[in-house]
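These protein sequences, in sequence, are chains A and B.
Heads up: the first sequence begins at 1128 in the numbering used here, then just goes up one per residue.
Heads up: the second sequence begins at 1128 in the numbering used here, then just goes up one per residue.
Note that beta-carbon positions come from the ideal geometry of N, C-alpha and C, so glycine has one too.
None of these values were measured; they are calculated from a predicted model.
Worksheet for the structure shown next.
Number of protein chains: 2
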Amino acid sequence: MPLGQRPGDKSESRYCGVETEFHDDMPHLLTESLSGGFDFIVAPLIDPSYRPSCMTNGGSGSSVLPVAASDLILSPSQWSSHVVGKISSWIDLDSDDEKVRLDSEITLKQEIAWASHLSLQACILPPPRRASCGNYAKCVNQILQSTNNMQLWLRVPLQKSEPMDDGSANANSDFSGGSMFDSWEWWNSFRLLCEHHSQLCVVLDILSSLPSNNSVGRWFGEPVRAAVIYTNSFLTNARGYPCLSKRHQKLITEFFNHSVQIVISGSLLHDISGESIKALPANDDDSHLEVIPPRHALRPYLDYVAYLYQRMDPLPEQERFELGYRDFLQSPLQPLMDNLEAQTYETFEKDIVKYSQYQRAVCKALIDRVPDENASTKITVLMVVGAGRGPLVRASLQETGHISKTAFDSVYHVVRLVILPSLEFSEYTTRFGMHCVLHSISFYYNSNYILVSFIVKHARKLALLKTALYLIIDLCRPAKLNASTSFCNCYAVFCFAAEETARKLKVYAVEKNPNAVITLHSLVKLEGWEDIVTIISSDMRCWNAPEKADILVSELLGSFGDNELSPECLDGAQRFLKADGISIPSSYTSFIQPVTATKLYNDVKSHKDLAHFETAYVVKLHRVARLAPCQPVFTFTHPEYSKKSNERYKKLCFEIPSDSGSAVVHGFAGYFDATLYKDVHLGIEPSTATPNMFSWFPIFFPLRTPLFVATGSPLEVHFWRCSSTSKVWYEWCVTSPTTSPVHNSNGRSYWVGL
Amino acid sequence: MPLGQRPGDKSESRYCGVETEFHDDMPHLLTESLSGGFDFIVAPLIDPSYRPSCMTNGGSGSSVLPVAASDLILSPSQWSSHVVGKISSWIDLDSDDEKVRLDSEITLKQEIAWASHLSLQACILPPPRRASCGNYAKCVNQILQSTNNMQLWLRVPLQKSEPMDDGSANANSDFSGGSMFDSWEWWNSFRLLCEHHSQLCVVLDILSSLPSNNSVGRWFGEPVRAAVIYTNSFLTNARGYPCLSKRHQKLITEFFNHSVQIVISGSLLHDISGESIKALPANDDDSHLEVIPPRHALRPYLDYVAYLYQRMDPLPEQERFELGYRDFLQSPLQPLMDNLEAQTYETFEKDIVKYSQYQRAVCKALIDRVPDENASTKITVLMVVGAGRGPLVRASLQETGHISKTAFDSVYHVVRLVILPSLEFSEYTTRFGMHCVLHSISFYYNSNYILVSFIVKHARKLALLKTALYLIIDLCRPAKLNASTSFCNCYAVFCFAAEETARKLKVYAVEKNPNAVITLHSLVKLEGWEDIVTIISSDMRCWNAPEKADILVSELLGSFGDNELSPECLDGAQRFLKADGISIPSSYTSFIQPVTATKLYNDVKSHKDLAHFETAYVVKLHRVARLAPCQPVFTFTHPEYSKKSNERYKKLCFEIPSDSGSAVVHGFAGYFDATLYKDVHLGIEPSTATPNMFSWFPIFFPLRTPLFVATGSPLEVHFWRCSSTSKVWYEWCVTSPTTSPVHNSNGRSYWVGL
């Protein structure tokens, strides 16, 4: 029974399991757990007292494995859906005692073989018993090479000794790992030996004390499949019920967001007065079980976890839309070499936030350039280079009050409304729709606020918009806002220009894609812009402009800023910009940060070639640990009259926070930030990202070999932007703590054509 | 003009070069150097005052590069045979001054392009100016990706600051590399960035003080192509002539042995009285040059280097024979799955030393097993398992006095004679041949002694052999022994048994290869051994022996001991060994040591697949740096009644001597040592290797990624011997200082069939 219904969430984290002891009546165990509200059990498959070396000497003389249940006792679908196998925890494959070692090797193989036979989806491997677990990893690796689809989940405590610790934090540790213990390092060593095998995953044991946030953050780049919470990690609330500390709550929520399943383990430690918790009867008569299922002893803990799940905010619409893109590698566009398809234009044109930023930038530039007194006389020449199907033409004209003749209601105004607590959106849109003619609406939220972008028809006047806005807020308030959220806490941002600039404009729309030019022509005709807009079907780099421009507007930026060759295009276009002309954008900078991203690394590796490790990918980063703040890489400004080459070289040095512990770097996440005009910017660099904009996912530069960075080691990275007559490419490498090869030399694997 | 003639040496180290300044009269420079005795010049190609950024502002206004000579001035073969280009030493690609950096990048590209145009074989790149040389390496790497066959030699000083140094050692350093400078680390970082490109090599600048031997040793695993010796590194001998310190002499000799060419640089610093050294005239008239070539100013240094070359011992015959095998990777034999070819038997049967050790072992075992009083009555059953074409049958029978009927002279006795100083072998054999009927003779020598193995016909009696031996020594003495080598310094080793054991023997020769069985039958018939020897055409693992053996003799060892599955074969054969029977060999142990081996790494990498990185190779190791002493890995003893599996696991920890500095490990060299019987051993483990035995080259286990080991870091290695029903294989990995994947999991890449 899932923990709850969360709109948009179809992930596995809705299911919760329970860890059980060895029991030879598996159907009983399973029925009890499922009827108690759990979705699966984590159960030993073999009697824990079994030792292969004692078999021939044993009393029974039988060589049949002492399994928990034969494969016939449960149906195949019960085995695979509801049972996660638990490998005997006594095994120690790195024991100095050779008998123990050999017994452990045999048992591990036998149990995995049995689990495979049962078609279990996963088995949990017990935690390594020591830091040096070479033989354990080697045996698991052998199994991984030859196993079918079954996953192996290595169990590891979420534990790290902190240098500044007061000593009490790790008191409940079972691991004598020396003074500086970090369970992530065990996992890392284990999975390196197993070559990042995609079926090797992690189960984290959540203890009552948690390591630092930075340290825990590393796990979100790892394939964590489940987290085991022990009943003794729960606190007791005023009413005697189990609950978790704030930090634990936050962690569990993060797990839910990362498709990590919760498993509850231990015995009932909270005696809830007022409720009669029946102790499990030693019921010999199985037939009664389904009639009156007794309440499961661990139900209070499950209920609390379900409460944490249910109180989560619904997944915002944009996140839901992007779910399918999470951690999915895409090749960057080659807009210069390839012509975009209509579908691609369609998608990007919907990014209202992006165009509203352009609108603001054009507005400010016009006002700066043409004083009010000349507004009616001076004609500004504005060129949109790379006009596509016309969204920037539209944005520019709207800014100047060039309302199309077709109708008053073709003017779209964007309003953003920020409301602090959550509310039910379906209800919200319905109510709003009744009071206003709504063209479209979109939502973005994070844990601090909700942002609503909508386009209102018939609302040309600011006054009218304000009225509409107040109305919305008013409508929202009774919905789900609690009493403390007064109206003044609601902060409204107007993204459109409050005044029309009323400057006179002459627009050239330059576009090289002949297919897009057809659409442009229709648009201009439809909107009646024939007198204002001239359409040029040409590549901006070779067009001979009949006059020079005051303002050059372009949207040529890629996820990494210059990676779709905006610098080369604008260098070509600035020939027809007046000496004092303005480029929108006026500059842009790329950023990178080191990340742990096991999933992405494995996807790149699966191609089994060098080229994929030397390619940058556009990707919606999700299962990623961001190891250090972003740093700027390359900056380009426009116009650029210095004859400076567009080749660049940058050496960067990252410091991973020391409380993170050691880390592994699979590559670098890349972003950009662009200054459109003065204070109007646009970007995806996490600390300054423009909210609610969906045109760009980050870019990911992989490393051919995962890079281990010990605590305190600086990470020195080099990035180059190179060019030849026919292409532009990046090269990158690491020189500290160890030296990597230079990736993508001469653009042999990845390049953007000119 | 080569430095001299050294029999067997065809390597490049016979040629010596001279470094010159920039000179725009290249033909003059070349003629002067060649006629002065040098074989090539190391010369700048471009005027060192050239800076690209000054070209447009420069006086000439010309954009022609200021080259030393047009391509027409020298013939193509002169350019390629006699000129090594020297890239301008002012370049600094990692300068913080962007103008310098860009000028450097352009100059480097231009000079390389020009050298390429001239078809030079190599260009020397100036030393990096700082430890962080990411941009230099990146630019060189780009060039390497697109260049033709030209090699690029990075110049690096042979220099390392020693922790225990008294401070004076590195006083003449030009490099301000901080307190702990190690030029090898610069090279290592540079070549890692360039991915071990096979055309990127090293030139070492030899300074007047040398780092520790262990530190220098690392360079013999690197692609060192030349060593530059400065005239100011030369000492002055009593007569005023230049000479080098003992350590320098030893180093130069090592360079000669590793095909490293010497380049002399600097000006004349030794005024040799009594000889008239003519200063070079500023000769404007080139036509006179070839008539009376003046003596080259640096001739005294060249003469000294030639002297060092000429005084080297000739290459021993076996080394000459094995020259072609140096660093050449071979796949190990699969003797169980494949039948060996006659050629292979032929080669291995020639290994006299090996069979004489077997002979000694059989002799000792027989004497131990049969007391003298029973010698004539007791018949010992001896089984040769894997008899091949019969060499072990022969060795066993000779030991017991079973002289074949064919002739007295079919008995081959092996004598080894150790003579201390060198002598001319061709002369030696000729003389010897006149006095004695010589069947075959082979030589082995190192710097300390010469070992002569020969087989004498008609010399059954020891007395006769002794006479022959004395004769040889006597003959040798006048040849080239100097007066101090008295007769008593000559140490003779007799490898054959002095007495015949005269034990009665019944021999079974078991062989699975039907082709070899044919030869065995002929041998037995030819030698008249029909009454003694029974030939069994069968695999020893399934033969049903009619009786049990006293002694089981086998030669199933591979380079890594058990790697040709001797354990599995002998486990099968010990069914027919008596409970108190003897196995020869009685045990064997494999050994490994970490090595730097750039050449081998590149050869493995050139296959561009995983499988070759997970395969062990048989290889005559030459350009290899052995980083730490060998450690034992797996031991097998025979007979083995413990039912112990032949699977093995060993964890090893190597300590690289701290005065070596940091190192890179490309893989592990593997060896074996076998105890044939009691104190009779046989092996190739370097510290105990049986001299003059050629049946086994070492084995090499590569690592997929070169492993950097910082000074003082322990190197933790794991080796497994694994088996299934059809095959045996090794797996290996490293867990410290960093963790590698487990190599060859489940024998996916490399295995030996059962």
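C-alpha gap between Ser-1867 of chain A and Arg-1875 of chain A, whole angstroms: For the purposes of this step, residue 1867 of chain A is identified with residue 740 of the first sequence, where counting begins at 1. For the purposes of this step, residue 1875 of chain A is identified with residue 748 of the first sequence, where counting begins at 1. About 17 Å.
Complete runs of the alpha helix (DSSP H) confined to the segment 1449 to 1489 of chain B [at least 4 residues]: Whole alpha helix (DSSP H) segments, 4+ residues: 1469 to 1476.
Beta carbon proximity, Trp-1847 of chain A to chain B, threshold 8 Å: Counting from 1 along the first sequence, the entry for residue 1847 of chain A is found at position 720. Interface residue, yes.
Of the listed residues A:Leu-1396, A:His-1324, A:Glu-1444, A:Lys-1377, nearest to Gly-1135 of chain A (C-alpha basis): Position 8 of the first sequence holds residue 1135 of chain A. Gly-1135 of chain A has its Cα closest to that of A:Glu-1444, out of A:Leu-1396, A:His-1324, A:Glu-1444, A:Lys-1377.
C-beta contact flag for Leu-1842 of chain A and Pro-1712 of chain A at 8 Å: One-based indexing of the first sequence puts residue 1842 of chain A at position 715. One-based indexing of the first sequence puts residue 1712 of chain A at position 585. In this structure, Pro-1712 of chain A does not lie closer than 8 Å to Leu-1842 of chain A by Cβ.
is_contact[Glu-1782 of chain A, chain B] using C-beta, thresh 8 Å: Sequence index remark: in the first sequence, residue 1782 of chain A carries index 655 (1-based). Not an interface residue.
Whole runs of the alpha helix (DSSP H) within the segment 1371 to 1400 of chain A, excluding any shorter than 4 residues: Correct list: 1373 to 1384.
According to DSSP, residues forming a beta bridge with Pro-1759 of chain A: For the purposes of this step, residue 1759 of chain A is taken as residue 632 along the first sequence, with counting starting at 1. For Pro-1759 of chain A, which the question treats as bridged, DSSP gives the partners A:Phe-1718.
The segment 1508 to 1519 of chain B touching the segment 1634 to 1649 of chain B, judged by at least three CB pairs closer than 8 Å: As far as the Cβ criterion goes, the segment 1508 to 1519 of chain B touches the segment 1634 to 1649 of chain B, which means the pair count is three or higher.
Option nearest Lys-1639 of chain A by Cα separation, candidates A:Leu-1156, A:Met-1667, A:His-1870: One-based indexing of the first sequence puts residue 1639 of chain A at position 512. Comparing Cα positions, the closest option is A:Met-1667.
Which of helix, strand or coil DSSP assigns to Gln-1205 of chain B: Residue 1205 of chain B sits at position 78 when you count from the first residue of the second sequence. Of the three classes helix, strand and coil, the one that applies to Gln-1205 of chain B here is helix, per DSSP.
Residue(s) in a DSSP beta bridge with Trp-1856 of chain A: The residue you call residue 1856 of chain A lines up with position 729 of the first sequence. Looking at the DSSP assignment, Trp-1856 of chain A forms a beta bridge with A:Cys-1849.
Element boundaries [beta strand (DSSP E), containing Leu-1779 of chain B]: Taking the first residue of the second sequence as position 1, residue 1779 of chain B is located at position 652. That run of the beta strand (DSSP E) goes 1775 to 1782.
Test item: CB-CB of Val-1792 of chain B and Lys-1777 of chain B under 8 Å: Taking the first residue of the second sequence as position 1, residue 1792 of chain B is located at position 665. Taking the first residue of the second sequence as position 1, residue 1777 of chain B is located at position 650. No, they are not a contact pair.
Beta-carbon proximity of Ile-1251 of chain A to Arg-1282 of chain A, cut-off 8 Å: Your numbering for residue 1251 of chain A matches position 124 in the first sequence. Your numbering for residue 1282 of chain A matches position 155 in the first sequence. Cβ atoms of Ile-1251 of chain A and Arg-1282 of chain A: closer than 8 Å.
Cross-strand partners of Cys-1669 of chain A (DSSP beta bridge): Locating residue 1669 of chain A in the first sequence gives position 542, where the first residue counts as 1. Note: Cys-1669 of chain A sits in no beta bridge, so no partner.
Cβ contact check for the segment 1800 to 1810 of chain B and the segment 1779 to 1786 of chain B: 3 or more pairs under 8 Å: no
DSSP state of Arg-1521 of chain B mapped onto helix, strand, coil: Counting from one through the second sequence, the residue named residue 1521 of chain B turns up at place 394. Three-state DSSP puts Arg-1521 of chain B in a helix.
From A:Leu-1881, A:Val-1869, A:Glu-1741, residue whose alpha carbon lies closest to that of Lys-1265 of chain B: Against the second sequence, residue 1265 of chain B aligns to sequence position 138. The residue with the shortest Cα to Cα distance from Lys-1265 of chain B is A:Val-1869.
Assigned exposure category for Lys-1491 of chain B - 16 Cβ within 10 Å defines buried: Looking up residue 1491 of chain B in the second sequence gives position 364. So Lys-1491 of chain B counts as buried.
CB-CB length for Met-1464 of chain B against Gly-1880 of chain B, believed under 8 Å: For the purposes of this step, residue 1464 of chain B is identified with residue 337 of the second sequence, where counting begins at 1. For the purposes of this step, residue 1880 of chain B is identified with residue 753 of the second sequence, where counting begins at 1. Their Cβ separation, rounded to whole angstroms, is 4 Å, which keeps Met-1464 of chain B and Gly-1880 of chain B in contact under 8 Å.
Distance between beta carbons of Ile-1826 of chain A and Ala-1743 of chain A, contact taken as under 8 Å: Taking the first residue of the first sequence as 1, we reach residue 1743 of chain A at position 616. Taking the first residue of the first sequence as 1, we reach residue 1826 of chain A at position 699. That belief holds up - the Cβ atoms of Ala-1743 of chain A and Ile-1826 of chain A are roughly 5 Å apart, short of 8 Å.
Start and end residues, beta strand (DSSP E) containing Glu-1146 of chain B: As a first step, residue 1146 of chain B must be located in the second sequence, where it is residue number 19. From DSSP, the beta strand (DSSP E) with Glu-1146 of chain B extends over 1143 to 1146.
Inter-stretch contact at 8 Å, needing at least 3 Cβ pairs: the segment 1833 to 1848 of chain B / the segment 1810 to 1817 of chain B: no
Proximity to Gln-1388 of chain A [Cα-Cα], best of A:Ala-1424, A:Leu-1425, A:Ile-1399, A:Leu-1429: The sequence position of residue 1388 of chain A within the first sequence is 261, counting from 1. Measuring C-alpha to C-alpha distances from Gln-1388 of chain A to each of A:Ala-1424, A:Leu-1425, A:Ile-1399, A:Leu-1429 identifies A:Leu-1429 as the nearest.
Pro-1154 of chain B to Thr-1147 of chain B span [Cα, whole Å]: On the second sequence, position 27 is the one that residue 1154 of chain B refers to. On the second sequence, position 20 is the one that residue 1147 of chain B refers to. Cα-Cα distance, rounded: 13 Å.
Exposure label - Ser-1140 of chain A; buried when at least 16 CB within 10 Å: Reading the first sequence from its first residue, position 13 is the one you call residue 1140 of chain A. Result: buried.
Coil, strand or helix - Val-1497 of chain B by DSSP: Position 370 of the second sequence holds residue 1497 of chain B. In the three-state reduction of the DSSP assignment, Val-1497 of chain B falls in the coil class, being assigned neither a helical nor a strand state.
Where the beta strand (DSSP E) containing Cys-1328 of chain A begins and where it ends: Residue 1328 of chain A sits at position 201 when you count from the first residue of the first sequence. Taken as a continuous stretch (DSSP letters only), the beta strand (DSSP E) holding Cys-1328 of chain A covers 1327 to 1333.
Contact check, Trp-1346 of chain A vs Leu-1327 of chain A, beta carbons under 8 Å: The residue given as residue 1346 of chain A occupies position 219 in the first sequence. The residue given as residue 1327 of chain A occupies position 200 in the first sequence. In this structure, Leu-1327 of chain A does not lie closer than 8 Å to Trp-1346 of chain A by Cβ.
Ala-1242 of chain A, DSSP secondary structure in three states: Position 115 of the first sequence holds residue 1242 of chain A. Ala-1242 of chain A: helix per DSSP, three-state reduction.
Option nearest Ile-1214 of chain B by Cα separation, candidates B:Leu-1279, B:Leu-1201, B:Tyr-1431, B:Arg-1228: As a working note, residue 1214 of chain B is residue 87 in the second sequence. Looking at the Cα atoms, B:Leu-1279 is the closest of the given residues.
Chain-order list of residues whose beta-carbon lies under 8 Å from that of Arg-1228 of chain A (same chain, five-residue window excluded): By 1-based counting over the first sequence, the position of residue 1228 of chain A is 101. Excluding the 5 residues flanking it on each side, Arg-1228 of chain A has same chain C-beta neighbours closer than 8 Å at Asp-1219, Leu-1220, Asp-1221, Ser-1222, Asn-1262, in chain order.
Chain-ordered neighbours of Phe-1361 of chain A on chain B, where CB pairs are closer than 7 Å: Reading the first sequence from its first residue, position 234 is the one you call residue 1361 of chain A. The premise fails here: Phe-1361 of chain A is roughly 36 Å from chain B at the closest Cβ pair, so nothing lies under 7 Å.
Inter-residue Cα distance where the pair is Ser-1693 of chain A and Ser-1208 of chain A: As a working mapping, residue 1693 of chain A is identified with position 566 in the first sequence. As a working mapping, residue 1208 of chain A is identified with position 81 in the first sequence. Straight-line Cα distance between these residues: approximately 51 Å.
8 Å Cβ cutoff, Val-1776 of chain A in contact with chain B: Working through the first sequence from its first residue, we reach residue 1776 of chain A at position 649. Correcting the residue type first, residue 1776 of chain A is Tyr in the shown sequence and not Val. Interface residue, yes.
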